[in-house]
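Here is the structure we will look at.
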Amino acid sequence: MPEGHTIHALADRLTRAFGDSPVTATSPQGRFTADAALLDGRVLEDAAAAGKHLFVDIGDRILHVHLGLIGTFPVIPITDDKPPDPVGTVRLRLVGQEHYADLRGPMVCALIDLDTREAIRSALGPDPLDPAADPGVALMRIRRTRRGIGALLLDQAVVAGIGNVYRCEVLHRHRIDPFAAGTELTEELWWTIWADLVRLLPLGVAFGQILTLAEQVREAEQLVADGRAGPITRSLTGERLGDYFERRFATYQRAGEPCHRCGTILRGEKVSGRRLYWCPGCQTRH
DNA sequence: TATATATGGATAA
DNA sequence: TATCCCTATATAA
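So my numbering is basically just the index in the first sequence, starting at one, shifted up by 129.
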């Protein structure tokens, strides 16, 4: 269930649950046994996200995790004196003093060196959750291709961390035709998209769910302003206590239903392998 | 039991 | 564009 906000929140949870203390590392599933042994007993120094990539410094090793489409990495408090037996297919289990974390179904789980991490990072476009990100890099890459903006937003070399939900929803929020060519996207419109992503993604981190409907965004921002965001919906460790907001979107998985803005029937079609949801009635901006 | 689907992405053709 | 990988869950048969 991961777009960039999920990985950034996960990095934060791992750091808070295990930071600066030793962890035991095992591979109950058996596919990561030898590498887990290299991490076992070492200190987890830091966990950080870049787009949808997670990097965890353990001892002098770097653990690289990418959850892909189906991966999960819940960090859970230890309630008895030791963690329960693993349930399902656990590639990697980390255990600290008060928490344990089970990694299931990752697309990538590997130990890498500094150069590899740098290569992965440098291949990514700007990440809206990175305060140092340069959105101009994305604009350059958008303006030199005729590929549609809908496809470009999913390209991690253009923008890092955006997935299928955010791309569909942000295009609808600004009435943008997903098939508008990158070459014809105005600079002003790109700044609008970027600013909106910088606004939306942190709400996704704070609430543990993607919020894009105007009224939900407004309420979420008010809760943040009141200092009530974050632990509302999830414990420190990401244990799911239920979503604070009802799960609702303007376009995502609403093909065949009417657009709440103009009434046109929404469409959902595979575009370059992923299902794109959009409103042909009001998403006409180029 | 089998199949479809999922907030992703690499690789083959 | 098609196929494959990773896993869990929902729905169909």
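All C-beta atoms, glycine included, are put in the ideal place defined by N, C-alpha and C.
Asked, Found
"Bounding residues of the beta strand (DSSP E) (the contiguous stretch that carries P206)", "204 to 206"
"Own chain residues within Cβ distance below 7 Å of R220, not counting five before or after", "S156, Q158, R160, F161, L232, R233, P235, C238"
"The region 194 to 210 touching the region 301 to 316, judged by at least three CB pairs closer than 8 Å", "no"
"Simplified DSSP state of V172, which is helix, strand or coil", "strand"
"Pair within 7 Å by beta-carbon distance, L395 and T413", "no"
"Chain-order list of residues whose beta-carbon lies under 8 Å from that of A179 (same chain, five-residue window excluded)", "I249, R250, L253, D256, D259, A289"
"Proximal residues to G385 (C-beta, below 8 Å), its chain only, five neighbours per side dropped", "I394, L395, G397"
"Nearest to A262 (by Cα), restricted to the options A310, G148, L326, D169", "L326"
"contact_flag[the region 277 to 288, the region 239 to 246] where n(CB pairs < 8 Å) is 3 or more", "no"
"Exposure label - L198; buried when at least 16 CB within 10 Å", "exposed"
"H137 - containing alpha helix (DSSP H), residue span", "133 to 147"
"Cα-Cα separation, V334 to F147", "19 Å"
"7 Å Cβ cutoff met for G133 and K211", "no"
"Minimum length 4: unbroken alpha helix (DSSP H) runs contained in the region 281 to 351", "293 to 302, 316 to 336"
"Distance, A165 Cα to T153 Cα", "9 Å"
"Residues that D186 bridges to, as DSSP identifies them", "D175, I191"
"Cβ pair F374, Q345 closer than 7 Å", "yes"
"Extent of the continuous alpha helix (DSSP H) to which E247 belongs", "243 to 251"
"Classification of H228 by the beta-carbon crowding that lies within 10 angstroms, buried from 16 upward", "buried"
"Exposed unless 16 or more other CB atoms sit within 10 angstroms - verdict on D149", "exposed"
"For G200 and T341, the rounded distance between their alpha carbons", "23 Å"
"Proximity winner among R347, S401, A176, relative to D284 (alpha-carbon distances)", "S401"
"Cβ-Cβ separation, Y295 to I339 (assumed contact under 8 Å), whole Å", "7 Å"
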